[in-house]
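A.B. asks: Chains as they are written, first to last, in this note's numbering: chain X, 19 to 355; chain L, 19 to 355.
For each residue, glycine too, the CB sits at the ideal point set by N, CA and C.
Quick caveat, the model's predicted, so the values are computed rather than measured.
2 protein chains.
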Amino acid sequence: MGRIAFDEMCSTVTRAFVNAGMSEDKALRSARVHTESSLDAVYSHGLNRVPRFVEYLQKGWVDADAEPTLLRDMGPMEVYDGQRGPGILNALTATDRTLELAAQHGLAIVALRNTTHWMRGGAYGWRAAEQGKILIAWTNTESCMPAWGAKDTRLGNNPFVMAVPRKEGPVVLDMAMSQYSYGKLQTTRLKGEQLPYAGGFDVDGNLTTDPVAIEESRRILPTGFWKGSGLAIMLDILAAALSEGSATHQIDGIDQGSCTGCSQIFIAFDPDRLGTSEHLQQAVNGMVDYVNGSQPADPNRAVTHPGQNTVAARMDQQKNGILVDDDIWREVVSLAG
Amino acid sequence: MGRIAFDEMCSTVTRAFVNAGMSEDKALRSARVHTESSLDAVYSHGLNRVPRFVEYLQKGWVDADAEPTLLRDMGPMEVYDGQRGPGILNALTATDRTLELAAQHGLAIVALRNTTHWMRGGAYGWRAAEQGKILIAWTNTESCMPAWGAKDTRLGNNPFVMAVPRKEGPVVLDMAMSQYSYGKLQTTRLKGEQLPYAGGFDVDGNLTTDPVAIEESRRILPTGFWKGSGLAIMLDILAAALSEGSATHQIDGIDQGSCTGCSQIFIAFDPDRLGTSEHLQQAVNGMVDYVNGSQPADPNRAVTHPGQNTVAARMDQQKNGILVDDDIWREVVSLAG
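(1) Under 8 angstroms between C-beta atoms, does M92 of chain L make it to chain X?
(2) Enumerated in chain order, which unbroken segments of the beta strand (DSSP E) with a length of 3 residues or greater are wholly contained in the segment 147-199 of chain L?
(3) Give me the Cα-Cα distance between G201 of chain X and S62 of chain X, rounded to the nearest whole angstrom.
(4) Just to confirm, are P86 of chain L and T111 of chain L a CB contact at a threshold of 8 angstroms?
(5) Please compile the residues from chain X whose C-beta is within a distance smaller than 7 angstroms of the C-beta of E262 of chain L.
(6) Could one say the Cβ of M137 of chain L lies closer than 8 angstroms to chain X's Cβ atoms, at least one of them?
(7) Tell me whether V128 of chain L sits in a helix, a strand or coil according to DSSP, three-state version.
(8) Under a three-way DSSP split, which group does S277 of chain X fall into?
(9) What are the complete alpha helix (DSSP H) segments, minimum 4 residues, inside the segment 242-306 of chain L?
(10) To the nearest angstrom, how far is it from the Cα of R33 of chain L to the Cα of S352 of chain L?
(11) Using only CA atoms, which one of L:S235, L:G279, L:L125, L:T205 lies nearest to G105 of chain L?
(12) Within 8 angstroms (strictly less), CB to CB, does P324 of chain X reach chain L?
(13) Do the segment 154-174 of chain X and the segment 319-331 of chain L meet, that is, are 3 or more Cβ pairs less than 8 angstroms apart?
(14) Just checking my contact of F243 of chain L with V128 of chain L at CB under 8 angstroms: how many whole Å lie between their CB atoms?
(15) Indicate the three-state DSSP secondary structure (helix, strand or coil) for T133 of chain X in the structure shown.
(16) Smallest Cα separation from G20 of chain L: which of L:D343, L:V350, L:E349, L:A354?
(17) Which of helix, strand or coil does DSSP assign to D91 of chain X?
(18) From Q76 of chain X to A121 of chain X, what does the alpha carbon distance come to, in whole angstroms?
(19) Determine which residues share a DSSP beta bridge with V369 of chain L and list them.
(20) Could you tell me how far apart the beta carbons of I152 of chain X and Y198 of chain X are, in whole angstroms, since I believe they sit closer than 8 angstroms?
(21) Note down, in chain order, all residues in the segment 66-97 of chain L with a beta-carbon under 9 angstroms from any beta-carbon belonging to chain X.
(22) Could you please give the first and the last residue of the uninterrupted alpha helix (DSSP H) stretch that includes R348 of chain X?
(23) Please work out which residues of its chain come closer than 6 angstroms, Cβ to Cβ, to G100 of chain X, disregarding the five sequence neighbours upstream and downstream, and give them in chain order.
(24) Closest to Q282 of chain X by CA distance: which of X:S264, X:R291, X:D273, X:H297 is it?
(25) Please work out which residues of its chain come closer than 7 angstroms, Cβ to Cβ, to H52 of chain L, disregarding the five sequence neighbours upstream and downstream, and give them in chain order.
(26) Label M333 of chain X either buried or exposed according to how many other C-beta atoms from any shown protein chain fall within 10 Å of its C-beta, with 16 as the threshold for buried.
(27) Please report the distance separating the alpha-carbon of G140 of chain L from that of V97 of chain L.
(28) Which bits of chain L does K245 of chain X rub up against, with CB to CB less than 8 angstroms?
(29) I'd like the span of the alpha helix (DSSP H) that includes R115 of chain L, first residue to last.
(30) Per the contact definition of three or more C-beta pairs closer than 8 angstroms, is the segment 213-220 of chain X in contact with the segment 258-277 of chain L?
(31) Thinking C-beta only, is T266 of chain X closer than 8 angstroms to M40 of chain L?
(32) Just reading off the alpha helix (DSSP H) that R332 of chain L is part of, what are its end residues?
(33) Which class does R47 of chain X belong to by DSSP, given the choice of helix, strand or coil?
(34) Of all Cβ atoms in chain L, is any one closer than 8 angstroms to the Cβ of D58 of chain X?
(35) According to DSSP, simplified to helix, strand and coil, what is T227 of chain L?
(36) Please report the residue range of the beta strand (DSSP E) in which R21 of chain X lies.
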């Protein structure tokens, strides 16, 4: 594991994207989000995801030049077709448009259909909250998880983001509907470890912490068992319905890698426009203090609020450089070369 | 366990509420929601909750006559103060107003502060979906669950509802942020059974399926561990912020039973107004069929979509009468007498 400075990583990733056919401007904007994700220690959708995104561009699964087009204008709600353009750029456009509409109307929603993988959902939450806005956003995905009580994978993990601004640093939740990602299973397996809690069923239908057994059965666990299963179904239906786009069963039919053709929702509130900024700060600071003041189960481990660990990782890596897997870094450098 | 017909239960509960000081009309509207909850096999917030609601009326924790007042009108968003009126009536008013605004604007949000326990959150989801609308709604609560990594209870279980209309019957999710409720711990303990999955930590910090050990430690488990903990925090902050109402730490300060003074959010979409009705039906039917067509882990147990078991219970109890705990039924009859 080496450490790479933010600017070096960002310019290297930009060159990799330009080499794969993106314009300089689009490559830079995409690369910045990948780099920020790695900076925030969300490596899976940061640097580590660059080779796969390049592959999707090369296969034509992502259209480097496509721009979202307005399908429907309903005042505080707009619907866009992402035209299978780069998922990060489509999601940035959707986020920024939602914030713009929220500044006008107090609240707003943008639904985006036919887009591609947005990488780290939290990116859009941080972006909104750092501009003083509240964001609720989610995406559907291809299936990767069985519904509760099922053996075959028919649900997406449908990441869900909630972000609230706060003077001392936003509070941001970014959660998928599976208890663990396949990425987490892989890294746990490579370390020869067990998951901290049960992450799925083995082929015999027993709950297990063994990543190998879950990779074999493909029976990854919905977060909270039946609850995450139900929530994944609802998020999927709503994303597809409101964007007039594809639900998970249809994304499975597209079959061009992860999230190609997916549907996304961005809901924003502008506390300034709504006149609730002061109350918001009271609520968020009150609850943050309450949670942080909890009696820890492990005296050496503070109780944190959503986003707190992200800020800690970011500050560390801003100072010391961003941790990279050396093999992946070499691969990206080669794509950029 | 006996069985009571819908009309008999509804009129008995109505008389109990009238005896506790509610007007005939308000008593009937509240009683109908309690009865419908029992009909749908959500006994905990149906008939079984009637004695406690009567107690709250008698203590003055719920104001039988109070009506919600409009605090803020922002077009598709309105904020109300519930004045600590009956939680069901306030939530019905908020739901109906949200649907009305959604019919005008396509989407709408009502935030309700200073209300009281809405009983079964799903009631409002079913109500909206049966009128062809999409509803997302949640409430915060007093604290009853430790944050992830904490020993003391500082989070509400903050029930969250998502409902989507469907010609063949709505799809409705109604989930609290704890893996199990204290009610479920109690019924499991009374049967001398273990929970099907770990529901909390014992006093030594070990995950356990033993309801007695969890009741002792009060360390009930957030659904999906850190994920349900994070989601509970976000839902709480948003409910309080948007309604200019109380967050969980402030509800704890009120200390007048469960949910007194809580904050609620109702977000609705009108698919007809948005012109997305047809696409919605495709998305919801497509995913319902996909999920229901899953390969079941237990060949004797079909894989269901959210709300499917509710419909089955409802149909059974409409035909055969509503199951009641005999002691509770006698208590409610006595309150009505």
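C.D. replies: Short version:
(1) So, interface residue.
(2) Taking only runs of at least 3 residues, the beta strand (DSSP E) segments lying wholly in the segment 147-199 of chain L are 152-157, 171-173, 178-182, 189-193.
(3) Here the C-alpha atom of G201 of chain X lies approximately 7 angstroms from the C-alpha atom of S62 of chain X.
(4) Inclusion of P86 of chain L and T111 of chain L in the CB contact set at 8 angstroms is warranted, their separation being smaller than that value.
(5) Near E262 of chain L (Cβ distances below 7 angstroms), the residues of chain X are T294, H297.
(6) Output row for M137 of chain L: interface = no.
(7) Strand at V128 of chain L.
(8) A small fix is needed here, since residue 277 of chain X is Cys in this sequence, not Ser. In the structure shown, C277 of chain X sits in coil (DSSP, three-state: anything other than H, G, I, E or B).
(9) Counting only runs of 4 or more, we get 244-261, 266-272, 289-292.
(10) Looking at the two C-alpha atoms, the distance is approximately 10 angstroms.
(11) Nearest to G105 of chain L by C-alpha distance, out of L:S235, L:G279, L:L125, L:T205, is L:G279.
(12) Yes, contact with chain L.
(13) With a cut-off of 8 angstroms, the segment 319-331 of chain L and the segment 154-174 of chain X count as touching, because enough Cβ pairs lie within range.
(14) Between V128 of chain L and F243 of chain L the Cβ distance is about 32 angstroms, and since that is not below 8 angstroms, they are no contact.
(15) Collapsing the DSSP output to three states places T133 of chain X in a strand.
(16) Of the listed residues, the one whose Cα sits closest to G20 of chain L is L:D343.
(17) Looking at D91 of chain X - three-state DSSP - the assignment turns out to be strand.
(18) The straight-line gap from Cα to Cα measures roughly 38 angstroms.
(19) Nothing can be reported for residue 369 of chain L, as the shown portion of chain L is limited to 19 through 355.
(20) I152 of chain X to Y198 of chain X, Cβ: 28 angstroms. No contact.
(21) R90, M92, G93, P94, M95, V97: these are the residues of the segment 66-97 of chain L whose beta carbon lies less than 9 angstroms from some beta carbon of chain X, given in chain order.
(22) 344-354 is the extent of the alpha helix (DSSP H) around R348 of chain X.
(23) Result list for G100 of chain X: P86, N108, L130, N132, T133, in chain order.
(24) Comparing Cα positions, the closest option is X:S264.
(25) Around H52 of chain L, the same chain offers V31, G64, L65, R67, V68, M137 as residues with beta carbons nearer than 7 angstroms, after the five sequence neighbours per side are excluded.
(26) Exposed, because fewer than 16 other Cβ atoms sit within 10 Å of the Cβ of M333 of chain X.
(27) Looking at the two C-alpha atoms, the distance is approximately 21 angstroms.
(28) For K245 of chain X, the chain L residues whose Cβ falls inside 8 angstroms of its Cβ are M193, Q197, T241, G242, G246, in order along the chain.
(29) R115 of chain L: member of the alpha helix (DSSP H) spanning 105-123, first to last residue.
(30) Touching, no, given that fewer than three Cβ pairs across the two stretches are closer than 8 angstroms.
(31) Taking 8 angstroms as the Cβ cut-off, M40 of chain L and T266 of chain X do not qualify as a contacting pair.
(32) R332 of chain L -> alpha helix (DSSP H) spans 326-338.
(33) Of the three classes helix, strand and coil, the one that applies to R47 of chain X here is helix, per DSSP.
(34) When Cβ-Cβ separations below 8 angstroms define contact, D58 of chain X makes no contact with chain L.
(35) Correct three-state label for T227 of chain L: coil.
(36) Start and end: 20-22.
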